[in-house]
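**Student:**
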Amino acid sequence: MAVLNIEPIHQDFGARITGIDMRAPISGEAVVEIKAAIDDYSFVLFPNQPFDDDRQMAFTKLLGEPEESHVALGETGTVTYFGTIGNVQQDGSKLGNDHRKTKFLTGNNMWHSDSSFRAVPARLSIMCAYEVPETGGATEFVSLRAAHGRLDEETQDRIDPLVAIHDYVFSRSKVAPDAVSPSLAASLPPVPQKLVRSNPATGAKNYYLGSHARTIQGWDDAPARALLDDLQDRATQPEHAYAHAWQPEDLVIWDNRCLLHRGAGYDADRNRRYMRQTRVKGDGPTMGE
Ligand SMILES: [Fe+2]
0 MAVLNIEPIH QDFGARITGI DMRAPISGEA VVEIKAAIDD YSFVLFPNQP
50 FDDDRQMAFT KLLGEPEESH VALGETGTVT YFGTIGNVQQ DGSKLGNDHR
100 KTKFLTGNNM WHSDSSFRAV PARLSIMCAY EVPETGGATE FVSLRAAHGR
150 LDEETQDRID PLVAIHDYVF SRSKVAPDAV SPSLAASLPP VPQKLVRSNP
200 ATGAKNYYLG SHARTIQGWD DAPARALLDD LQDRATQPEH AYAHAWQPED
250 LVIWDNRCLL HRGAGYDADR NRRYMRQTRV KGDGPTMGE
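Residues in the sequence shown are numbered consecutively from 0, following numbering that gives the first Met the number 0.
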């Protein structure tokens, strides 16, 4: 019997899910349904779920193995699991547009898949919204599964065996050239990722790229860049995007295997934004999928 009430929110992907109090113990049946909804819809929104970090971590563990924050790990070797998205710090203070951390986070305003620069990239991102700007601050999403489905068969066949190289230093140097410390850079060398992936539960195919994808293995940079840019442009046309306007108490999960997302930006001098993110690790390197 279905526990969840699921309403699609975009023609390509995404669902709004009600009928469950995520603060109560979540039944095994509900976890199975939530995982199936993620496989089918790629983006799921649970509105009006007042959360805190402890609840978020417990929920994250229901979905898989939490992923360590790459910045803390690379810079100081410490293991942390939460990322703060926004300009409000844990002590409640607010950073403005000119602060180094605010600028660094503008890297998220390029279309990307979280942690695609890691040997084992993130499968899921889980975000809880606490404070949101009055204007701006949306996150846009597009489906790379739908984009793959719109390619002609010849192009699908041509890209199927390709491998992209994802490179954190490459993508971050576009927004904050001096923000990647030598130890962080050394901890995140370029990694190969399959350009075309399949969902192991459903078999649905998608391509996999974003701002961290630098080149195609074995190709010259110019044709590789042209192919990656063309595939990304096709996926990210405005008519294919869903912009999520965050509300406090939104709990959102998205599937990094097959979605790209980007921040739409906001004025950090005039607004407060506080969201907490955890991630679930992928099952292994994409090359082994
Ligand atoms: Fe992100």
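Built from N, CA and C at the ideal position, the CB exists for glycine as well. For clarity, every value in this text was computed on a predicted model and none was experimentally measured.
1) Specify the secondary structure class of Ser289 as computed by DSSP and reduced to three states.
2) By how many angstroms is the C-alpha of Val141 removed from the C-alpha of Asp282?
3) Taking the straight line between their C-alpha atoms, what separation do you get for Pro199 and Pro191?
4) Our contact map puts Arg213 next to Gly85 with C-beta atoms below 8 Å; I'd like the distance itself, whole angstroms only.
5) Cα separation between Tyr80 and Glu67?
6) Going by the C-beta, is Asn96 closer than 7 Å to any heavy atom of ligand 1?
7) Should His147 be listed as close to ligand 1, given that the test is whether its C-beta is under 7 Å from any heavy atom?
8) Suppose the cutoff is 8 Å on Cβ atoms and the five residues either side in sequence are ignored; what does the same chain contact list for Val2 look like?
9) Checking the sheet assignment: what are the DSSP bridge partners for Cys257?
10) By Cβ distance below 6 Å, which residues in the same chain neighbour Arg144 in space, the five residues on each side in sequence not counted?
11) The alpha helix (DSSP H) that contains Thr83, what's its start and end?
12) State whether the stretch 121-128 contacts the stretch 245-264, with contact taken as three or more CB pairs (one from each stretch) at a distance under 8 Å.
13) Please say whether Thr101 and Arg275 have beta carbons closer to each other than 8 Å?
14) Comparing the C-beta of Phe169 with each C-beta of chain B, is any distance below 8 Å?
**Tutor:** To lay it out plainly:
1) The question about residue 289 has no answer, for the chain in this structure spans 0 to 288.
2) For the pair Asp282 and Val141, the Cα-to-Cα distance works out to about 23 Å.
3) About 19 Å.
4) Arg213 to Gly85, Cβ: 28 Å. No contact.
5) Answer to the nearest angstrom: the Cα atoms are 5 Å apart.
6) Checking every heavy atom of ligand 1 against the Cβ of Asn96, none is found closer than 7 Å.
7) Answer for His147: no, Cβ out of range of ligand 1.
8) If we look at Val2 and ignore the five residues flanking it on each side, its Cβ neighbours are Gly18, Ile19, Ser26, Glu28, Ala29, Glu32.
9) According to DSSP, residue pairing for Cys257 in a beta bridge does not occur.
10) Once the five neighbours on either side are set aside, the close Cβ partners of Arg144 are Ala203, Asn205, Cys257.
11) Per DSSP, Thr83 lies in no alpha helix (DSSP H); the unbroken beta strand (DSSP E) holding it starts and ends at 82-85.
12) A contact exists between the stretch 121-128 and the stretch 245-264.
13) Going by C-beta atoms, Arg275 is not nearer than 8 Å to Thr101.
14) Absence of chain B from the displayed structure is noted, only one protein chain being present.
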